[in-house]
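Chains as they are written, first to last, in our numbering: chain A, 21 to 186; chain B, 504 to 797; chain C, 77 to 874.
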């Protein structure tokens, strides 16, 4: 079947089998490799993308189901306002706190954080914990991820800015 | 982990869905897909046709129907969780929804899909049984209705006719002056399917006398079940001391439940915990009423 | 402040690798595309033991898009068996089952197709005819004469049975006031990275070159692949610039690479095998140790633990690669941080009809630490002595280092008592006890858990000759190359893949420190195996020591050359030069700039000292400090460095629900000089999370019919952010005398003691009921059932 999905503001059209998931569509058809396959059965959260602004698991959605929705992947986490090589505030906070190690779950974590901070700009640590509880990380024990999201929340509020604007 | 091949269709009427089901006996309906897609991926489900009901008008609304709140089959769990009608009239459902999956699965998962999927540990079927919800389906041009208590017949097994499509679920609004609810579940991790769960919905009259006590358990048997509890409770003087009457009644009711076991929990565990959660759920509900009365 | 001795080292610095990862620009194996790619899916057999009678792939081969179907028989005729660490030549392992299936889920054939989906479709059309054979799952049963043999040619299921007696064990037992015996079991868990294993192989017939890209963490990977495929070492090129999506020891991927390499050679197409989660869980060679300990300890009334006998029986699963050596590493820290004077140790590894085991974080040390710490708790309980006081009484004291343990290793340094004091203060121990008591008063179960343990680090291989005399490996070297280009920029080459350890940051920080230039200006690249010097990948908690060490030594060589050029130019003694990044000043006020040095080295040999080579490049191949000796009399020195960790936790649970909640978690950690604080703390937190999983949730559990019950993430439960509490990390630094900066390993930290600490807390909570939990993971249902039985028993007898 022919389908068209708006991914990061661009219509991507392809003839695919109905069994293709949104995850495979994003990676193999749109060629956006920042969205990762972890379990392919909806538990780990590595494949998180935003669908109409909400974090969802792209392995649990058929590509065909996503037609008519706007998909945002890690590659456009901050819209199109930033230049390549320029980090968004959330991404920068993950770097500042080293809220990652191997990086495999990280795009999903960043997107989960983005959704959370859109709904709740001043979350508590417990609320952050809740928001990322569907994203499994095997490296960090989550401590520095939560640190990163708390820092990002502060910075999005204009507080605790980096000293040198880095 | 790729699905077996299937065809995909996106009808825009319920009757078209029914027609597809009639022509493809092995077809599966997809709503949010949060349960079906992993089954497809593991090839545990291998329909020749997947019918997407997301494009049928009217299935995504929650409406006030005087004596009931009616939830469309395609209403996402996240939407139900933030809905004012649900919060006002169906506090038990609102409580239970916070336990359903994670925010990303609630964003896609639907109320109707969870009911029809009928996982024995799922929260929404448990609430439907507790509240005596009605499931309305279209089948061969006619609307048929099932009561939640008769709807679930086994693990992932329901009374859904082979050619029927759920389109809405009707939850009666409380009729008494005071309502209290309690919902408890235990899982290995907070967001996992429950090893045991209990839901209580209690209504009391103006005088604080309990008129309706509905208690049900999930996760411990093949499907959620009501536990009949017949005790007189008067909250007019505050929280009632039920002595052992409640635990005795719960225990007796659990004697009639066939309890399952698996690697995560023994049957004895499930029974013990279900009894405790049932007690806590009733306790919570009564306290809510007692508080409102005071 | 000690830290201020360094300009970049030990300072809070960003991790270089993070930038690409937060942007989704990591370069993982599944991201590697090729227009002509062929895809592999593996067909499992679901019987735990079966003879393969026939495989009929004709229907599959007739399907559009199916390229080939390869069986174990075809492979066995074409390649050598995979490398075997032990002297067990009849226990042959191939990428696919040959003749016989030895565990449920084992791969019997590989389907190669134009897409992964087609390959999976084709599997359903392959007819596999088998005859079920008897099977064995339990390691004790596997040892019995009447057990079904997993490898009939091998004559028994025993892979390894080594008995060691270090010191006067019998005398110490006879002289001790008391003895107690117990048995504990470490359940089969693993690190289960979120990225499964993947490999792409490409054969270039014109160049006679096999290119391998893989999400791998395996020592001597290229060698092993070449050996199995009968290629020369320089015909296999493993690309190290693949980012690995987590490993923690387990991504060895040798069978996958040999299979994929074979297919690439045969089909003349790039071939890609990315495990799906089911393949990974069932048969990815990725399960960790499953170990039963029988322990006896001899001790005196005052709490002095004199001696220990430990029998460790490990269920290696169906095949033996390096996994049995996981019984060997703990020999290097067999007494933990304690002054236990003598030890008898029996290490037994058996084959059973479960999936094959591979190396997992700590390489067997975490299970042993769990047994040791259980012993400490049991002794304290026996003597009615405070558990902490007992440990403090037995701990090696700071002034006793270097400390020789009975099994032949010498601990480098440590200050265990101080670390513990700091933890007790940071956690406010009296308040923790008060909280515990209050919880109990409120009807909850509550307990305080303690674990003190070591992380042997710096990865030596001396357990290999110790467990297998025909194996004489005595080095486990690592290397680094540095080049300063003609524009003065520094580039370092390292010779490994990375799976989140931050090696680029490690190396740039170390080189920057020594050369006195900003680490952020240093580029670190990971070329391929043919462009590399010898190395052994990030195993054995060794990279800070060995890669950091090699980088430092290579940088020192470069610095010496720079100083020699400057001295020559300034006509002074190199020792008198004040070296600063960017400029050099001599004593007499003359100076030469960094740019001048570059210019001299790259363009003006006439300005260099006589006989000096042009350019600014160096390399170092570093041997393990303290390593190199073969075992003698069953003893050998193993690891150069020993990091220490002390865990203090408060766990509470409802007696009916039985779900442990970690109310407070404090860890004291001493891994010597820290190179990057954020990396070390992150690994420690992550190790604890993994330990929480091992203690409470994670297990590759098989049912009685030999089926793996935890094949997906629906049943193999890993801690989410809900299950990992905030953790208080208390740092301490006792430098190692053996390493360039005093650094020790930290890649296994947290995991080594967390399971012991959580078990300790839960057992403390139920001690009053006279019950104990002796097997990990401790499932909530078991907790509740046991408490119910004990309470019932108590009320019955009243």
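Every residue, glycine too, gets a C-beta built ideally from N, C-alpha and C.
- Evaluate residue 870 of chain C with the Cβ neighbour count: other Cβ atoms within 10 Å of its Cβ, from every protein chain shown; 16 or more gives buried, anything less gives exposed. For the purposes of this step, residue 870 of chain C is taken as residue 794 along the third chain, with counting starting at 1. Residue 870 of chain C comes out exposed.
- Whole beta strand (DSSP E) elements within the region 332-367 of chain C, 3-residue minimum: 347-350
- Three CB pairs or more closer than 8 Å across the region 606-616 of chain B and the region 533-540 of chain B: yes
- Task: Tell whether a beta-carbon distance below 8 Å holds between residue 540 of chain B and residue 71 of chain A.
- Result: The count along the second chain starts at 1 and reaches residue 540 of chain B at position 37. The count along the first chain starts at 1 and reaches residue 71 of chain A at position 51. Taking 8 Å as the Cβ cut-off, residue 540 of chain B and residue 71 of chain A do not qualify as a contacting pair.
- Message: Helix, strand or coil for residue 86 of chain A? Go by DSSP, reduced to three states.
- Response: Here residue 86 of chain A refers to the residue found at position 66 of the first chain. Note: residue 86 of chain A maps to helix in three-state DSSP.
- Task: Using beta-carbon positions only, say whether residue 425 of chain C and residue 475 of chain C come within less than 8 Å of one another.
- Result: As a first step, residue 425 of chain C must be located in the third chain, where it is residue number 349. As a first step, residue 475 of chain C must be located in the third chain, where it is residue number 399. No, they are not a contact pair.
- With contact counted as at least three CB pairs below 8 Å, one residue from each stretch, are the region 308-318 of chain C and the region 120-136 of chain C in contact? no
- Message: For the structure I just gave you, are there three or more beta carbon pairs, one from the region 739-749 of chain C and one from the region 489-508 of chain C, closer than 8 Å?
- Response: yes
- Name the chain A residues that come within less than 9 Å of residue 320 of chain C, Cβ to Cβ? Here residue 320 of chain C corresponds to residue number 244 of the third chain, with the count starting at 1. What residue 320 of chain C touches in chain A: 122 and 124.
- Would you mind sorting residue 282 of chain C into buried or exposed? The rule is 16 or more other CB atoms within 10 Å of its CB. Locating residue 282 of chain C in the third chain gives position 206, where the first residue counts as 1. Exposed is the call here.
- Task: Tell whether a beta-carbon distance below 8 Å holds between residue 655 of chain C and residue 592 of chain C.
- Result: Mapped onto the third chain, residue 655 of chain C falls at position 579. Mapped onto the third chain, residue 592 of chain C falls at position 516. Yes. Within cutoff.
- Quick one: which chain B residues come within Cβ less than 7 Å of residue 856 of chain C? One-based indexing of the third chain puts residue 856 of chain C at position 780. Result: 691.
- chain A partners of residue 794 of chain C, CB-CB under 8 Å? Along the third chain, one-based indexing puts residue 794 of chain C at 718. Under the 8 Å cutoff, chain A gives 156 and 158.
- Item | Identity of the residue in C:544, C:498 and C:151 nearest residue 712 of chain C by Cα | The count along the third chain starts at 1 and reaches residue 712 of chain C at position 636. Cα-wise, what sits closest to residue 712 of chain C is C:544.
- Query: Exposed or buried, residue 509 of chain C, counting other C-beta atoms within 10 Å across all chains shown (16 or more means buried)?
  - Reply: Start at 1 with the first residue of the third chain, and residue 509 of chain C comes out as number 433. Burial call: exposed.
- Can you pull the chain B residues whose beta carbon is under 8 Å from the beta carbon of residue 75 of chain A, in chain order? Residue 75 of chain A sits at position 55 when you count from the first residue of the first chain. Those within 8 Å of residue 75 of chain A in chain B are 606, 607 and 610.
- Item | DSSP bridge partner residues for residue 617 of chain B (one or two, in chain order) | As a working note, residue 617 of chain B is residue 114 in the second chain. Partner(s): none; residue 617 of chain B has no beta bridge.
- Query: Less than 8 Å separating the beta-carbons of residue 678 of chain C and residue 691 of chain C?
  - Reply: The residue labelled residue 678 of chain C in the question sits at position 602 within the third chain. The residue labelled residue 691 of chain C in the question sits at position 615 within the third chain. Cβ atoms of residue 678 of chain C and residue 691 of chain C: closer than 8 Å.
- Every unbroken alpha helix (DSSP H) inside the region 847-873 of chain C [4 residues or more]: 856-873
- Task: Would you identify the three-state DSSP class for residue 120 of chain C, choosing helix, strand or coil?
- Result: Counted from its first residue, the third chain places residue 120 of chain C at position 44. Looking at residue 120 of chain C - three-state DSSP - the assignment turns out to be strand.
- Task: Pull up the distance between the alpha-carbon of residue 414 of chain C and that of residue 467 of chain C, whole angstroms please.
- Result: Here residue 414 of chain C is taken as the residue at index 338 of the third chain, counted from 1. Here residue 467 of chain C is taken as the residue at index 391 of the third chain, counted from 1. Cα-Cα distance, rounded: 8 Å.
- Item | Neighbourhood of residue 528 of chain C by C-beta distance below 6 Å, restricted to the same chain and skipping five residues each side | Counted from its first residue, the third chain places residue 528 of chain C at position 452. 413, 467 and 722.
- Item | residue 648 of chain B burial status per 10 Å Cβ neighbour count (16 or more: buried) | On the second chain, residue 648 of chain B is found 145 positions in, with the first residue counted as 1. By the 10 Å Cβ count, residue 648 of chain B comes out exposed.
- Query: Of all the residues that make up the region 352-368 of chain C, which are near chain B by a beta-carbon distance shorter than 7 Å?
  - Reply: 352, 353 and 354
- Using the Cα positions of residue 98 of chain A and residue 419 of chain C, report the straight-line distance between them to the nearest angstrom. Taking the first chain and counting its residues from 1, the one referred to as residue 98 of chain A is at position 78. Taking the third chain and counting its residues from 1, the one referred to as residue 419 of chain C is at position 343. Approximately 60 Å between the Cα atoms of the pair.
- When B:767, B:704 and B:670 are compared against residue 692 of chain B, the one with the closest alpha-carbon: Reading the second chain from its first residue, position 189 is the one you call residue 692 of chain B. Answer by Cα proximity: B:767.
- Query: Shortest alpha-carbon distance to residue 290 of chain C belongs to which of C:337, C:267, C:670 and C:280?
  - Reply: The residue you call residue 290 of chain C lines up with position 214 of the third chain. Taking only the C-alpha atoms, the option nearest residue 290 of chain C is C:337.
- Query: With a cut-off of 8 Å, does the C-beta of residue 474 of chain C fall near any C-beta of chain A?
  - Reply: For this step, residue 474 of chain C is matched to residue 398 along the third chain. It does not; no Cβ of chain A falls within 8 Å.
- Could you pull the start and end residues of the alpha helix (DSSP H) that residue 404 of chain C belongs to? Numbered from its first residue, the third chain carries residue 404 of chain C at position 328. Here residue 404 of chain C belongs to no alpha helix (DSSP H), and DSSP marks it neither H nor E.
- Task: State the start and end residues of the unbroken beta strand (DSSP E) segment that holds residue 532 of chain C.
- Result: Taking the third chain and counting its residues from 1, the one referred to as residue 532 of chain C is at position 456. Unbroken beta strand (DSSP E) run through residue 532 of chain C: 521-533.
- Message: Using 8 Å as the threshold, is the C-beta distance between residue 293 of chain C and residue 331 of chain C below it?
- Response: Indexing the third chain from 1 puts residue 293 of chain C at position 217. Indexing the third chain from 1 puts residue 331 of chain C at position 255. No; because the gap between Cβ atoms is not below 8 Å, this pair is not in contact.
- Message: To the nearest angstrom, how far is the alpha carbon of residue 721 of chain B from that of residue 27 of chain A?
- Response: What you label residue 721 of chain B is simply residue 218 of the second chain in a count that begins at 1. What you label residue 27 of chain A is simply residue 7 of the first chain in a count that begins at 1. Cα to Cα, residue 721 of chain B sits roughly 40 Å from residue 27 of chain A.
- residue 39 of chain A versus chain B: which residues are under 8 Å apart at the beta carbon? Here residue 39 of chain A refers to the residue found at position 19 when the first chain is read from its first residue. Here the neighbours are 505, 506, 507, 508, 509 and 543.
- Would you mind giving the Cβ-Cβ distance between residue 135 of chain A and residue 78 of chain A, rounded to the nearest angstrom? I have them listed as a contact below 8 Å. On the first chain, residue 135 of chain A is found 115 positions in, with the first residue counted as 1. On the first chain, residue 78 of chain A is found 58 positions in, with the first residue counted as 1. 14 Å between Cβ atoms; not a contact.
- Query: Does any residue of chain C bring its CB to less than 8 Å from the CB of residue 53 of chain A?
  - Reply: For the purposes of this step, residue 53 of chain A is taken as residue 33 along the first chain, with counting starting at 1. Yes - at least one Cβ of chain C is within 8 Å of the one on residue 53 of chain A.
- residue 310 of chain C - DSSP class collapsed to helix/strand/coil: For the purposes of this step, residue 310 of chain C is taken as the residue at position 234 of the third chain. Helix.
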